[in-house]
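Chains as they are written, first to last, in our numbering: chain C, 2 to 310; chain Y, 2 to 310.
From the three backbone atoms N, C-alpha and C, an ideal C-beta is built for every residue, glycine too.
2 protein chains.
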Amino acid sequence: MIDRLIEKIIALKNPTVVGLDPRLNLIPDHVKEAAFAEYGKTPEGAAAAFLKFNQDIIDAVCDLVPAVKPQIAMYEMLGIPGVKAFADTVKYAKKKGLIVIGDIKRSDIASTAEAYAAAHIGTTDVEGESFAAFDEDMITVNPYLGSDSIDPFFKAMQARDRGMFILCKTSNPGGGEFQDLIVDGMPLYEKVGLRIEDWGAAFRGSYGFSDIGAVVGATYPEQGVRLRKLLPHTFFLVPGYGAQGATAKDLAGCFNEDGIGAIVNSSRGIIGAWKSAKYNTQFTPEEYAQASRAAIIDMQQDLWGALNA
Amino acid sequence: MIDRLIEKIIALKNPTVVGLDPRLNLIPDHVKEAAFAEYGKTPEGAAAAFLKFNQDIIDAVCDLVPAVKPQIAMYEMLGIPGVKAFADTVKYAKKKGLIVIGDIKRSDIASTAEAYAAAHIGTTDVEGESFAAFDEDMITVNPYLGSDSIDPFFKAMQARDRGMFILCKTSNPGGGEFQDLIVDGMPLYEKVGLRIEDWGAAFRGSYGFSDIGAVVGATYPEQGVRLRKLLPHTFFLVPGYGAQGATAKDLAGCFNEDGIGAIVNSSRGIIGAWKSAKYNTQFTPEEYAQASRAAIIDMQQDLWGALNA
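Right under this line is the structure:
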């Protein structure tokens with residue numbers, strides 16, 4: 002799986018992923034009004050607005066970025082219609098050739114982790130017939146429950162060429178509260194990182210990286226540099242760029258010298274570009290998808306510049 | 002919230018919760034056949050079987066137990082129809098007077114945790130109208146991301162009298178891999194436990210326990226004893242009884258001397274009772290819900306006996 006992602010990153014010269022985390026306040030009025038006119042001011046209406054908004058952005062950026070990362074929480078807020086909009090977004094993005102990273106941060110004991118694996122990267126058997134429920138390419142997973150909560154994902158990864166990113170060092174201000182605690186002479190997140198490197202040993206592809214990556218927040222640049230060295234076979238999913246405050250320079254350390262080794266997420270910075278001071282004079286609300294495209298081009302240049310500096 | 006749970010436990014003399022974690026192999030053929038006849042051998046058919054199975058068990062045990070705990074992973078496996086069966090199960094159990102603990106183990110950075118809170122214990126605003134998406138009474142949450150991933154749940158807890166259980170020491174064999182690592186002279190799970198006790202300080206009810214409880218696996222009896230003393234205001238949700246191997250004696254230490262302080266989950270042991278050697282001579286597959294009722298009565302006596310020994 003990771004080879005597919007890296008090949009797309011190289012071909013597009015663009016190690017970025019668009020976080021498809023819609024909220025009603027990020028969606029232009031005309032999109033909401035059309036959806037509410039059809040479905041009412043209801044979760045169904047909001048979900049229809051989410052899907053239309055995502056589809057337009059996907060159409061506008063699918064030739065520029067390797068991947069999108071829908072955050073399932075935003076869709077769960079709308080209940081069943083929301084979860085359906087999540088599933089439809091995954092399907093649409095894949096149809097447009099994008100790799101889909103389901104940002105689900107699931108985790109549980111083995112028998113339950115098996116069910117999550119089936120739900121998101123594997124298949125569910127119903128009396129001999131096989132169904133893929135959400136069918137993402139890669140997912141995010143929480144490591145707190147240890148190895149036997151991670152193993153159950155391996156089968157679906159192998160059988161269906163899928164991957165995952167395990168939380169290592171998160172981008173939020175409180176991320177260090179437990180993750181930075183010192184265990185055996187190192188912070189817990191490094192300990193987790195070393196286990197991620199181990200879990201991934203059986204899943205390495207032709208670039209030397211594994212299908213089991215790590216989430217490494219860009220808001221802590223020195224830690225990114227150190228983790229890059231400590232975990233040479235672990236690809237990083239890096240949140241925190243843009244709205245969360247990290248700059249391209251902050252996260253250059255998450256990459257190897259050849260510019261490979263990480264994919265950087267931006268959500269609000271891309272999907273909410275049309276509202277931002279930087280783009281709202283250049284684009285009307287009707288042109289929101291074009292504003293997202295411009296923001297991706299700028300982000301690519303910003304990152305590429307920092308990586309080649 | 003926790004007062005409501007404790008009052009029900011005292012009134013029923015029963016600190017147990019039924020894990021509604023259906024799988025097709027736990028559901029009798031006649032239930033599946035009826036569902037498949039209506040919806041085909043499809044996720045829709047399987048979800049219909051899940052819901053009918055849950056409803057029958059809820060009907061059979063709702064006068065005996067304070068709460069049920071549906072595990073959302075089992076439903077996500079079936080995609081949208083499965084998630085709808087989860088939502089319908091929550092609704093049905095609440096209508097029957099049960100407290101519903103959504104076993105969702107969600108967690109994310111603050112802005113995303115807010116969305117999970119809205120989805121599961123709070124409400125979502127759609128243009129001034131308020132909707133409750135899944136509307137559980139309590140949920141399970143993963144602590145790896147720290148305080149600012151926990152705070153966003155407080156608002157919904159306060160506004161709507163809800164609660165949560167944060168993972169502390171899980172019941173699985175690998176639970177110790179990170180949770181037992183020594184930080185500041187104590188295992189990580191104790192450190193997490195002490196934070197749970199702190200977070201809960203503002204949420205204490207009339208029994209001295211807080212709306213923020215902890216998940217403490219029954220498979221580690223000494224740890225349960227120690228945590229019970231260390232976290233006097235933290236109510237425990239205890240998985241691991243029955244199918245995972247823990248006995249009533251193993252988990253007596255999770256309770257105070259008055260028999261209050263924990264609620265013990267059993268999933269397969271209750272919902273799959275009809276298949277077990279202990280009950281399958283006494284009950285036919287058609288009587289599966291009655292077998293669950295018998296298993297709950299036995300579990301209550303087993304626990305009550307151990308607590309009063």
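With DSSP run on the structure shown, which of helix, strand or coil describes residue i?
i, result
"residue 141/C", "strand"
"residue 201/C", "helix"
"residue 289/C", "helix"
"residue 67/Y", "coil"
"residue 174/C", "helix"
"residue 107/C", "strand"
"residue 17/Y", "strand"
"residue 102/Y", "strand"
"residue 125/C", "strand"
"residue 267/C", "strand"
"residue 190/C", "helix"
"residue 87/Y", "helix"
"residue 256/C", "coil"
"residue 1/Y", "Since the first and last residues shown for chain Y are 2 and 310, residue 1/Y lies out of range."
"residue 166/C", "strand"
"residue 242/Y", "strand"
Out of curiosity, what's the CA-to-CA distance linking residue i and residue j?
i, j, result
"residue 54/C", "residue 14/C", "26 Å"
"residue 1/Y", "residue 233/Y", "Residue numbering for chain Y in the displayed model covers 2 to 310; residue 1/Y lies beyond these limits and cannot be assessed."
"residue 109/Y", "residue 303/Y", "38 Å"
"residue 219/Y", "residue 267/Y", "11 Å"
"residue 297/C", "residue 133/C", "31 Å"
"residue 56/Y", "residue 221/C", "49 Å"
"residue 248/C", "residue 105/C", "25 Å"
"residue 43/C", "residue 64/C", "33 Å"
"residue 95/Y", "residue 307/C", "55 Å"
"residue 5/Y", "residue 12/Y", "11 Å"
"residue 294/Y", "residue 130/C", "32 Å"
Does any CB atom of chain Y fall closer than 7 Å to the CB of residue i?
i, result
"residue 174/C", "yes"
"residue 26/C", "no"
"residue 77/C", "yes"
"residue 116/C", "yes"
"residue 65/C", "no"
"residue 145/C", "yes"
"residue 80/C", "yes"
"residue 138/C", "no"
"residue 232/C", "no"
"residue 47/C", "yes"
"residue 39/C", "no"
"residue 247/C", "no"
Taking 7 Å as the threshold (C-beta atoms), are residue j and residue i in contact?
i, j, result
"residue 48/C", "residue 32/C", "no"
"residue 3/C", "residue 236/C", "yes"
"residue 226/Y", "residue 263/Y", "no"
"residue 213/C", "residue 194/C", "no"
"residue 76/C", "residue 86/C", "yes"
"residue 35/Y", "residue 78/C", "no"
"residue 143/Y", "residue 145/C", "yes"
"residue 289/Y", "residue 71/Y", "no"
"residue 284/C", "residue 278/C", "no"
"residue 169/C", "residue 217/C", "yes"
"residue 140/C", "residue 122/C", "yes"
"residue 68/Y", "residue 135/Y", "no"
"residue 176/Y", "residue 147/C", "yes"
Let me see if you follow: with CB-CB separation under 7 Å, is residue i close to chain C or not?
i, result
"residue 134/Y", "yes"
"residue 220/Y", "no"
"residue 72/Y", "yes"
"residue 217/Y", "no"
"residue 167/Y", "no"
"residue 184/Y", "yes"
"residue 239/Y", "no"
"residue 127/Y", "yes"
"residue 267/Y", "no"
Span of the beta strand (DSSP E) holding residue i?
i, result
"residue 8/C", "Element bounds for residue 8/C: not the beta strand (DSSP E) but the alpha helix (DSSP H), 3-13."
"residue 238/C", "237-239"
I need the boundaries of the alpha helix (DSSP H) containing residue i, first residue and last residue.
i, result
"residue 73/Y", "73-77"
"residue 231/C", "222-231"
"residue 281/C", "Taken as a continuous stretch (DSSP letters only), residue 281/C belongs to no alpha helix (DSSP H), as it is neither H nor E."
"residue 1/Y", "Outside the modelled stretch of chain Y, which goes from 2 to 310, sits residue 1/Y, for which no answer is possible."
"residue 252/Y", "249-252"
"residue 51/C", "44-62"
"residue 130/Y", "Premise fails: residue 130/Y lies in the beta strand (DSSP E), 130-132, not in any alpha helix (DSSP H)."
"residue 33/Y", "30-40"
Using a beta-carbon distance below 7 Å, is residue i in contact with chain B?
i, result
"residue 85/C", "Going by chain labels, chain B is absent from the structure shown, which instead holds the protein chains C and Y."
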